[in-house]
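Enquirer: Heads up: the sequence lines are chains L and Z, in that order. Letter by letter, the first sequence follows residues 0 to 258 in numbering that gives the first Met the number 0. Letter by letter, the second sequence follows residues 0 to 174 in numbering that gives the first Met the number 0. Quick one: the structure is below, and I'll ask about it shortly.
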Amino acid sequence: MTELDDDLAEPARAMLRDYEQPTMGSARRKVLQQRVMTASAAAAIPAVGGATAPAAGKTAMGFKLTLLLGGAGVCALAYVLVSMPGDDPERPRAAAPQEAAPVGVARVAAVEPEPKSETPEPALEPPAAKRPPTRVDEPEAEVVSPPKAKTPPAEPTTVESKKDEGSSSAAEEARLLARAQRALREGKHREALRAVDEHARRFPKGKLVEAREAARAVALCKLEPDRRPEIRRTFEKTFGNSAFLRRVTNACAVDSGGM
Amino acid sequence: MLAAKEARSHDRSQQLAQLFERHADFVWRTLCRLGLSDDQADDAAQEVFLVVHRKLDDLRTVEEARPWLFAICRRVASTHRRRRDRTKTGLSQVPLVGVGENPEEQTARRSAIRLIETFVESLDEERRIPFVLYELEGLTGREIAEATGWKLNTVFTRLKAARRRFESYVAEVSK
Chain L
0 MTELDDDLAE PARAMLRDYE QPTMGSARRK VLQQRVMTAS AAAAIPAVGG ATAPAAGKTA
60 MGFKLTLLLG GAGVCALAYV LVSMPGDDPE RPRAAAPQEA APVGVARVAA VEPEPKSETP
120 EPALEPPAAK RPPTRVDEPE AEVVSPPKAK TPPAEPTTVE SKKDEGSSSA AEEARLLARA
180 QRALREGKHR EALRAVDEHA RRFPKGKLVE AREAARAVAL CKLEPDRRPE IRRTFEKTFG
240 NSAFLRRVTN ACAVDSGGM
Chain Z
0 MLAAKEARSH DRSQQLAQLF ERHADFVWRT LCRLGLSDDQ ADDAAQEVFL VVHRKLDDLR
60 TVEEARPWLF AICRRVASTH RRRRDRTKTG LSQVPLVGVG ENPEEQTARR SAIRLIETFV
120 ESLDEERRIP FVLYELEGLT GREIAEATGW KLNTVFTRLK AARRRFESYV AEVSK
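See below:
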């Protein structure tokens with residue numbers, strides 16, 4: 000016998016005939032796709048960028064994949080960096096792609112060490128692509144014009160050079176956001192802001208702007224509980240239906256537990 | 000040498016994208032049916048596809064991927080269930096989308112889906128797996144045996160038991 004006879008009673012068979020497979024839905028699917036592509040790309044970052052992958056954690060994830068991070072592939076970086084579940088916090092993760100747009104840089108002056116958070120930081124969600132990213136309004140933040148020197152060349156002369164440039168800058172973006180996310184998870188919110196600021200300075204029109212600003216919003220909400228509603232509103236206003244919105248909302252909830 | 004590596008990486012990325020395109024819903028549904036909440040399934044699905052990416056060399060053809068994917072889903076779901084307390088989970092709890100053209104049709108189809116998914120959740124894993132894969136996902140007995148490592152006869156025995164329960168369930172809800 001290689002297959003089973005259809006001996007199911009008719010009412011049961013009829014119910015199965017009417018059954019339609021549920022799907023995850025296009026929005027969820029899009030987010031997941033970004034996460035997957037980002038995660039696979041992020042895992043390759045050490046190989047591409049020359050950095051050494053941390054030994055701890057899931058070393059199996061350290062397979063080498065050249066970053067083919069034009070378009071959708073790149074985007075994902077911010078997300079994995081911020082939301083890969085339960086894995087090695089040292090492993091780079093990525094955020095989702097973002098179309099380039101001018102983004103201000105919020106500078107946070109204080110640098111004192113912070114206490115560790117009791118609970119893990121809510122991870123950021125992948126960004127919804129397409130919206131032009133803009134700055135999240137911040138308290139006591141100095142807005143400066145992002146330097147242009149370190150942005151990638153606008154028009155690489157060849158496909159290869161374009162790919163190389165994209166790969167290395169995307170890898171660096173991912174590394175910075177991984178640093179921010181790691182700091183968030185460890186409750187080092189000011190350190191997270193410094194990483195976010197560095198990303199903003201170096202990649203004002205980067206692929207991971209939305210993820211970056213989500214990380215900034217989360218950090219600010221932890222640092223300034225009184226301003227949570229305002230920070231959340233500003234993020235929502237700026238990024239609309241961002242896939243990161245839920246994480247920002249959770250982190251900025253009035254009763255989210257403070258630091 | 001470097002060019003060859005890059006080309007290989009590119010091929011793997013394309014293969015991964017192709018697998019995602021075809022099987023993302025299957026993976027996500029499977030994870031939900033293996034006891035994860037929809038949010039947990041999102042995270043777990045990401046892990047599944049990372050495993051897929053790592054083990055692409057084990058896959059014969061994209062068309063034959065589902066038993067292989069199921070086996071990966073099963074392992075990943077098991078890890079996730081150990082990690083987190085199990086709350087109320089499963090597709091019967093998930094806000095379903097894309098299941099109808101208009102509100103009336105959506106309501107009717109959602110109702111049918113919920114009836115069946117509620118039944119699925121009531122089964123133990125030994126019966127749930129063959130029922131879902133055979134009756135809902137359309138895998139063959141041989142594919143299920145491959146996915147689970149069970150003997151073919153075991154698959155059919157468990158499927159028959161699940162069918163009898165399903166008939167009783169349908170009779171009950173139809174009263």
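Idealized CB from N, CA, C, for every residue including glycine.
Secondary structure at T22 of chain L, three-state DSSP: helix, strand or coil?
Expert: strand
Enquirer: Run through chain L and tell me which residues come within less than 8 Å of V169 of chain Z, C-beta to C-beta.
Expert: When 8 Å is used as the limit between beta carbons, V169 of chain Z is near these residues of chain L: A8, P10, A11 and M14, in chain order.
Enquirer: Using a Cβ-Cβ cutoff of 8 Å, what residues of the stretch 105-135 of chain Z are near chain L? List them in chain order.
Expert: R108, A111, I112, L114, I115, E116, Y133, E134 and L135
Enquirer: In angstroms, rounded to a whole number, what distance separates the CA positions of F243 of chain L and A214 of chain L?
Expert: 9 Å
Enquirer: Taking only beta-carbon atoms, is P224 of chain L less than 8 Å away from chain Z?
Expert: Not an interface residue.
Enquirer: So what's R232 of chain L in DSSP terms, helix, strand or just coil?
Expert: Residue state for R232 of chain L is assigned as helix, using DSSP reduced to three classes.
Enquirer: For G140 of chain Z, which three-state DSSP category applies?
Expert: helix
Enquirer: I want to verify the contact list: residues of chain L whose CB lies under 9 Å from the CB of H22 of chain Z, in sequence order.
Expert: Simply none; closest approach about 11 Å.
Enquirer: If you run the structure through DSSP and keep just helix, strand and coil, what is C251 of chain L?
Expert: coil
Enquirer: Cβ closer than 8 Å: which chain Z residues qualify as neighbours of S241 of chain L?
Expert: The premise fails here: S241 of chain L is roughly 16 Å from chain Z at the closest Cβ pair, so nothing lies under 8 Å.
Enquirer: With a cut-off of 8 Å, does the C-beta of T248 of chain L fall near any C-beta of chain Z?
Expert: no
Enquirer: For a minimum of 4 consecutive residues, which ranges assigned as the alpha helix (DSSP H) are wholly contained in the stretch 17-77 of chain Z?
Expert: 37-53
Enquirer: Using alpha carbons as the reference points, say which of L:S39, L:K29 and L:I230 lies closest to S12 of chain Z.
Expert: Residue L:S39 is the option with its Cα nearest to S12 of chain Z.
Enquirer: Going by other Cβ atoms of all chains shown within 10 Å of its Cβ, with 16 needed for buried, is T78 of chain Z buried or exposed?
Expert: exposed
Enquirer: Between W67 of chain Z and chain L, is the shortest Cβ-Cβ distance under 8 Å, so that the two count as touching?
Expert: no
Enquirer: Do we get a CB-CB distance below 8 Å when we pair L49 of chain Z with the residues of chain L?
Expert: yes
Enquirer: Could you give the distance in angstroms between the alpha-carbon of L30 of chain Z and the alpha-carbon of A13 of chain L?
Expert: 26 Å
Enquirer: Since W27 of chain Z meets chain L, which of its residues come closer than 7 Å, beta carbon to beta carbon?
Expert: M23
Enquirer: From S36 of chain Z to D24 of chain Z, what distance separates their C-alpha atoms?
Expert: 15 Å
Enquirer: Taking C-beta to C-beta, are R80 of chain Z and G34 of chain Z nearer than 8 Å?
Expert: yes
Enquirer: Using the C-alpha atoms, what's the distance from T156 of chain Z back to L138 of chain Z?
Expert: Distance from the CA of L138 of chain Z to the CA of T156 of chain Z, rounded to the nearest whole angstrom, comes to 16 Å.
Enquirer: With distances taken from CA atoms, which of Z:I112, Z:A160, Z:K150 and Z:L135 is nearest D123 of chain Z?
Expert: Selected option, being the one with the closest Cα: Z:A160.
Enquirer: Tell me whether D10 of chain Z is buried or exposed, calling it buried when 16 or more other Cβ atoms sit within 10 Å of its Cβ.
Expert: Around the CB of D10 of chain Z, fewer than 16 other CB atoms lie within 10 Å, so the residue is classed as exposed.
Enquirer: Just to confirm my understanding: we take R178 of chain L, look at its own chain, exclude 5 residues before and 5 after, and list those with CB closer than 6 Å. What are they?
Expert: A194
Enquirer: In angstroms with no decimal places, state the Cα-to-Cα distance between V154 of chain Z and Q33 of chain L.
Expert: Looking at the two C-alpha atoms, the distance is approximately 36 Å.
Enquirer: Would you kindly report the start and end of the unbroken alpha helix (DSSP H) that includes S167 of chain Z?
Expert: L151 to V172
Enquirer: Which one of L:L31, L:R181 and L:T37 has the shortest CA to CA distance from D41 of chain Z?
Expert: L:L31
Enquirer: Considering Cα atoms alone, identify which of L:E19, L:E235 and L:K204 is closest to E116 of chain Z.
Expert: L:E19
Enquirer: Please report how far the alpha carbon of A111 of chain Z lies from the alpha carbon of E166 of chain Z, in whole angstroms.
Expert: 15 Å
Enquirer: Determine contact between the stretch 216-234 of chain L and the stretch 197-207 of chain L, defined as no fewer than three beta-carbon pairs at a distance below 8 Å.
Expert: They do not touch, by the three-pair rule.
Enquirer: With burial defined as no fewer than 16 other Cβ atoms inside 10 Å of the residue's Cβ, what is the status of G239 of chain L: buried or exposed?
Expert: exposed
Enquirer: Tell me the DSSP secondary structure of L122 of chain Z in three-state form.
Expert: coil
Enquirer: Please check if any C-beta of chain Z sits within less than 8 Å of the C-beta of V35 of chain L.
Expert: yes
Enquirer: Relative to the C-alpha of A173 of chain L, which candidate in L:R211, L:E190 and L:K187 has its C-alpha closest?
Expert: L:R211
Enquirer: Which stretch, first to last residue, makes up the alpha helix (DSSP H) that contains Q185 of chain L?
Expert: Before going on, a small fix: residue 185 of chain L reads as Glu here, not Gln. E185 of chain L -> no alpha helix (DSSP H), and no H or E assigned at all.
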